[in-house]
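> First, the structure itself, so that you have it in front of you.
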Amino acid sequence: MDLAGVGVPSLLSFTLIFTICLSFSNADTVIDTSPSADLTLRRSDQPFYVNSSIIVPPGITLTVEPGVTVTFDPGVTLSVRGRLVAKGQPGQRIRFTAADTPNIPAQRDSPPIWFDGARLAGDFTSSHVGRLELLLGGSYGTVCQNGWNSHWYYSYYNTRVAARMLGYKYCTRVNNRGGGTGNILLSNVRCNGHEDSLWDCRHDGVRVHNCFHSQDVWLQCSGYSGYRGDANETAKYWSGIQLVTNSSEPGVSDLQYVDVEFAGLPNIETHSNDTAAISVSGTPPVLENLNITNVIGNGVLLRDIAGHALINDSYIEASLGNGVSFRSFGGDLAMNNVQISNVNKAGVYYNRTLPLPSYKMCLTPETTVPDGQPLIVSFDSTDLHLGLETSCSQVFWSRSSAQILAVRILYIRTSWRGNVNILDIYDGNSTNHERLERVHMYGDEVTMPSPLYTTGGSVLLSFSRLNINFWERYQGMFSIQSVAAHSDQVGLSVHSVDIRKAANGILIESQLHHLLISEARVAHSSETGLYVGKGSGTIVLQDSVFMDNSIHMYFEHIQRNVTVDKNEFNDSSNYALSVGSASVWILSNNVRFVFQNNTLLDSSFGIWMPHARECALTDIIVFGNVFKNQSTTAIRLGTSYRCNTHRLRNVQVMENVVYESNGTAAFLIETGVSTEILNNTLFDNDVSQCVLCVSASSLFMTGNTFRDNNVRNIYKRHQVGASLIVKNFVTVFTFTSNIFENPSVEYQLATWHENSVLRKLDVSRNYWGTSDPFAVYSGILDNTKLYTLRTEFLYTPFYITSDLSSLSSDVDPTPPPYTLGGRIKTDLTLNDTDRPYTVTRDLNVTANATLTIEPGVALEFEDSVGMYVEGRLNVSGTASKRCIFTAKGKSAITKNMTCPAADSGLFVLYREPYRYDINTFYGRLYGKENGRTLPVCYDSSIRGPMLNAWLAEECKRLGYTFLVV
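When the letters of the sequence shown are read in order and numbered with mature numbering (1 follows the signal peptide of the UniProt record, and there is no 0), they come out as residues -27 to -1, 1 to 938.
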């Protein structure tokens, strides 16, 4: 081999030994020791064969020419602490691969053996029951059950993460069947469910516990997916390329047009979270035009980096870990035009890992922050021994007066919810300065907000009301750094990335800086397309496509502004977007969620935010989106109580198009705050409750169109369905220029507002699909039709054309002859005309009014319709001309029926003696019982044993959702 031009005078200058092995058919050049000077692997001398792990030391450069192939024995590592320059060309790619190519199963769902640093102790491959043990430093230790079942949330997600490590689909905790030996590694494990391993979950610390081996965690698991294929084939994998470079190294490694195959085989010292085809620590290299395939661990692992990492124009396939894994407190990552497919975990995994602390707080009153890297400060009440009712304060200074300080709270944890503990952060060296923030701690974890910036070179951190006793413990970690000015660093930028067939497409475990995802395509994720966990940086997702993911997007919470703009979300069996309710600490007074110009097709839920009012959000804007075929709800914004912050102030839903939804509702907007619903179009929806249900403190609703929708009206009296339902009484109400053209819907507008003083709302100047005043009146359900409702809608004048050009006159509707319903405000007498009156709505005889019913008058009540009398009711039937109250179409039967009177308060219920079936209940009237006004269905005074059972079913049929027995 010609060594000229590499700056080495003779072969003796190398400790790297080359041997021509005649046993290889291609006469491979064997590399079995490490270089001590710069070395070039030339194309003319290939192929190269590495039979033992080698190290490229600091100051040394290993150069690989285009077109070179290097093969590696099983478990062999190429560790680079200097530089690796492997710059291939489009037609002459560099290839790093296994010396003996493994036989991979043709079906990608059956990967070879993988190993994740966890096991069930004993012969678990048959019983799948065993003691959970983790690998650390070459030996196994156990996990203490303390805290494992402290809450269903942790019990579920701890076992979920353990199952992921072990290679199972499901695990459950079982009783301890025998303690282990050696170290107890973890205690009080608290996972959120998306962590790669238990090491990534919150816990008390490695080997920090007060447990015995009788408390070791045991699991029973099912759905084993780890050991498939042939173990002998898996043993052929090599370990991979490790790039470990510090910032003092001249130049950076450079990998372009490189193929890496069959790498990532871990050894007994590691687990697959730490293995990769290419792993990077320190200064990131240039990574462009890579093809990485068939990896046991991660495709690319970035761990503890310093600086900007960039991956461009690359392809990663068939990784049993993550496609790209970022695990670092420092540095940032940008990806452009990268394709990732068939990965067992996440396509892109991003986790701002916590650094090791370098300084303990409160041991001295002041300290100076060094230049450059941040000072990592820890706080632990058990180290202070301060006693009861005490405090702890510390001042931090920058070295230069020109520098300000950036203070970041990495976490604060407390163990007791009974006391409210406080951390104050002051912009200066005393409490006389402006307070930047006050944190109240209620016994949960405060997680990673964006940094606070001082105006000068000092900051005071002060804990108070610690109330330390034997069961309480307060822990925290802070990052304090001298900086020249405020920073808006982008922590993760993902552009034009295509991810297919992963458990999670993009998984953000924790983030500190801004997140930007654009022109991405994420498809066929078995869990989530995009998951965002802890953190506080702003999030921008734009111009991307999500297809056939179980959940397209899930945010554990929203703590900073989120913008989701011009994306497509197609075909999800669950949610297009779901937001959880994890407790957060809020710095900003304005946290906006903007969801605009997106297209959502064929999901169960479009936007699902049942806790929208809680935690950090102040403003929700949903603008210009298209929702098609959401099988449950297109938008669900709720008021559920979790964080008790009630910060939400404004909701705007504008210019959206919703069609072919067929679940409960198209829009459920129930935040109870100021809400604007403007210029939306909802058509061809087939729902069971409402096209739009809204609950707001103030409502401004104009310019919306409801056309050709259908409401499957399940209930006729309680929570009656309608095109639009106003669920509560709103204090400020503007409702105008809306169009309702839904001929198959009984009610265009309804209220569910009950149990309050009667209020009136103006709904005039809208088009209700007809110019007939009585038809308009009949299509609005309020107190005039159901007396229990406590809202009356004032609907005149109304538009009589859909172009909103002409208004009706302000006249009362005229019902058809022999039709009754609504309020009777003045005295009314009903005469016998030998024709029954049909009661289509509740008859409500108001105070100071009298309804007189002459002998022989028959009133036929439609289903779920009754009578309520606040004034007077005079019924003067005779033996020969009785007054009849019955169901519609039943008056002729009732006239010929003889039965004893059955007293039900103020009225009589006619029924055939000793027969209680669907044909013998002839109407429903209202009377008083123990001072309460109740319909017959609730009137226990008329119920015998048989009638009681029959009424329960009959009243459900007539529309009641519950009964009072």
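No residue lacks a Cβ here, since even glycine has one placed at the ideal position from N, Cα and C.
As the structure is a computational prediction, the values presented were derived from the model and not from experiment.
Starting from the N-terminal side, write out each stretch of the alpha helix (DSSP H) that is 4 residues or longer and does not extend beyond the segment 496 to 551.
Whole alpha helix (DSSP H) segments, 4+ residues: zero.
> If you compare alpha carbons, which of 781, 732, 163, 254 is closest to residue 747?
As a working note, residue 747 is residue 774 in the sequence shown. When only C-alpha atoms are compared, the closest one is 781.
> Compute the beta-carbon to beta-carbon distance between residue 163 and residue 127, rounded to the nearest angstrom, for a pair I have assumed lies under 8 angstroms.
Indexing the sequence shown from 1 puts residue 163 at position 190. Indexing the sequence shown from 1 puts residue 127 at position 154. Sure, about 5 angstroms apart at Cβ, within 8 angstroms.
> Report the residue from 712, 433, 9 whose alpha carbon sits nearest the alpha carbon of residue 674.
What you label residue 674 is simply residue 701 of the sequence shown in a count that begins at 1. Cα-wise, what sits closest to residue 674 is 712.
> State the beta-bridge partners of residue 175 as determined by DSSP.
As a working note, residue 175 is residue 202 in the sequence shown. 163.
> State the CB to CB distance for the pair residue 652 and residue 682, rounded to an integer number of angstroms; the pair is presumed to be in contact (CB under 8 angstroms).
Stepping through the sequence shown from its first residue, residue 652 is reached at position 679. Stepping through the sequence shown from its first residue, residue 682 is reached at position 709. So it is not a contact: roughly 17 angstroms between Cβ atoms.
> If you run the structure through DSSP and keep just helix, strand and coil, what is residue 751?
Counting from 1 along the sequence shown, the entry for residue 751 is found at position 778. Residue 751: helix per DSSP, three-state reduction.
> Roughly how many angstroms separate the alpha carbons of residue 155 and residue 107, rounded to a whole number?
Walking along the sequence shown from the start, residue 155 turns up at place 182. Walking along the sequence shown from the start, residue 107 turns up at place 134. Their Cα atoms are separated by approximately 11 angstroms.
> I need the straight-line Cα distance from residue 408 to residue 354, nearest angstrom please.
Sequence index remark: in the sequence shown, residue 408 carries index 435 (1-based). Sequence index remark: in the sequence shown, residue 354 carries index 381 (1-based). Going by the C-alpha atoms only, they are around 23 angstroms apart.
> Under the criterion of a Cβ to heavy atom distance below 7 angstroms, does residue 372 qualify as lining the ligand GTP?
Inclusion of the ligand GTP in the displayed structure is not the case, the ligand content being empty and no account of it being possible.
> Does residue 255 pass the burial test, meaning 16 or more other C-beta atoms within 10 Å, or should it be called exposed?
Here residue 255 refers to the residue found at position 282 when the sequence shown is read from its first residue. With 16 or more other Cβ atoms within 10 Å, it is buried.
> Can you list, in chain order, the residues of its chain with a C-beta nearer than 8 angstroms to that of residue 187? Leave out the 5 residues immediately preceding and following it.
Locating residue 187 in the sequence shown gives position 214, counting from the first residue. Around residue 187: 149, 152.
> Nearest-angstrom Cα distance between residue 214 and residue 73?
For the purposes of this step, residue 214 is taken as the residue at position 241 of the sequence shown. For the purposes of this step, residue 73 is taken as the residue at position 100 of the sequence shown. Whole-angstrom Cα-Cα distance: 18 angstroms.
> Measuring alpha carbon to alpha carbon, tell me which residue in 532, 534, 631, 567 is nearest residue 576.
Locating residue 576 in the sequence shown gives position 603, counting from the first residue. Among 532, 534, 631, 567, the Cα nearest to that of residue 576 belongs to 631.
> Return the bridge partner residues of residue 449 from the DSSP annotation.
As a first step, residue 449 is located in the sequence shown; it is residue number 476 there, counting from the start. Answer is 352, 385.
> Going straight from the alpha carbon of residue 831 to that of residue 760, what length do you get?
As a working note, residue 831 is residue 858 in the sequence shown. As a working note, residue 760 is residue 787 in the sequence shown. So the alpha carbons of these two residues sit roughly 22 angstroms apart.
> For the 8 angstroms Cβ check, are there 3 or more pairs between the segment 732 to 739 and the segment 805 to 819?
Not touching, per the Cβ criterion.
> What's the call for residue 143, buried or exposed, on a 16-neighbour Cβ count within 10 Å?
Counting from 1 along the sequence shown, the entry for residue 143 is found at position 170. Exposed, since its Cβ has fewer than 16 Cβ neighbours within 10 Å.
> I'd like the ranges of any alpha helix (DSSP H) spanning at least 4 consecutive residues and lying wholly in the segment 290 to 353.
Within the segment 290 to 353, no complete alpha helix (DSSP H) run reaches 4 residues.
> Tell me, which residues are paired with residue 487 by DSSP?
Locating residue 487 in the sequence shown gives position 514, where the first residue counts as 1. Bridge partners of residue 487: 463.
> Am I right that residue 636 and residue 605 are in contact with their C-beta atoms under 8 angstroms? What's the rounded C-beta distance?
Numbered from its first residue, the sequence shown carries residue 636 at position 663. Numbered from its first residue, the sequence shown carries residue 605 at position 632. Yes, residue 636 and residue 605 are in contact; Cβ-Cβ is about 4 angstroms, under 8 angstroms.
> Near residue 344, which residues of its chain fall below 7 angstroms by C-beta distance, leaving aside the five closest residues on each side in sequence?
Walking along the sequence shown from the start, residue 344 turns up at place 371. Excluding residues within five positions, the ones whose Cβ falls inside 7 angstroms are 372, 455.
> With a threshold of 6 angstroms on Cβ separation, who are the neighbours of residue 563 within its own chain once the five nearest residues in sequence on each side are excluded?
Within the sequence shown, numbered from 1, the residue matching residue 563 stands at position 590. These residues qualify, in order along the chain: 591.
> Just tell me which of 495, 212, 219 has its CA closest to the CA of residue 235.
Here residue 235 corresponds to residue number 262 of the sequence shown, with the count starting at 1. The shortest Cα separation from residue 235 among 495, 212, 219 belongs to 212.
> How many whole angstroms separate the CB atoms of residue 12 and residue 21, which I take to be in contact at a CB cut-off of 8 angstroms?
For the purposes of this step, residue 12 is taken as residue 39 along the sequence shown, with counting starting at 1. For the purposes of this step, residue 21 is taken as residue 48 along the sequence shown, with counting starting at 1. So it is not a contact: roughly 11 angstroms between Cβ atoms.
> With respect to the beta strand (DSSP E) encompassing residue 581, which residues constitute its N-terminal and C-terminal limits?
Translated into positions along the sequence shown, residue 581 becomes position 608. Where residue 581 is concerned, the enclosing beta strand (DSSP E) stretches over 572 to 582.
> Going straight from the alpha carbon of residue 806 to that of residue 833, what length do you get?
On the sequence shown, position 833 is the one that residue 806 refers to. On the sequence shown, position 860 is the one that residue 833 refers to. Approximately 14 angstroms between the Cα atoms of the pair.
> From the DSSP output, read off the bridge partner residues of residue 281.
Walking along the sequence shown from the start, residue 281 turns up at place 308. 305, per the DSSP bridge assignment.
> For residue 662 and chain D, any beta-carbon pair shorter than 8 angstroms?
In the displayed structure, chain D is absent; only one protein chain is listed.
> Got a sec? Which residues, its chain only, sit under 6 angstroms from residue 217 by beta carbon, not counting five neighbours each side?
Here residue 217 refers to the residue found at position 244 when the sequence shown is read from its first residue. So the qualifying residues of the chain are 54, 254, 255.
> Where does the unbroken beta strand (DSSP E) through residue 714 begin, and where does it stop?
In the sequence shown, counting from the first residue as 1, residue 714 sits at position 741. Counting along the chain, the beta strand (DSSP E) containing residue 714 begins and ends at 712 to 714.
> If you run the structure through DSSP and keep just helix, strand and coil, what is residue 41?
Locating residue 41 in the sequence shown gives position 68, counting from the first residue. In this structure, residue 41 counts as coil in the three-state DSSP scheme.
> Three or more C-beta pairs under 8 angstroms: does that hold for the segment 42 to 58 against the segment 174 to 193?
They do not touch, by the three-pair rule.
> Using 10 angstroms around the beta-carbon of residue 930, count the other beta-carbons present and answer buried if the total reaches 16, otherwise exposed.
As a working note, residue 930 is residue 957 in the sequence shown. Below a pLDDT of 50, predicted positions are generally treated as unreliable, and residue 930, at 45, falls in that range; the measurement from the model is reported next regardless. Its Cβ having fewer than 16 others within 10 Å, residue 930 is exposed.
> Could you give the distance in angstroms between the alpha-carbon of residue 609 and the alpha-carbon of residue 544?
The residue you call residue 609 lines up with position 636 of the sequence shown. The residue you call residue 544 lines up with position 571 of the sequence shown. Computed Cα separation, rounded: 18 angstroms.
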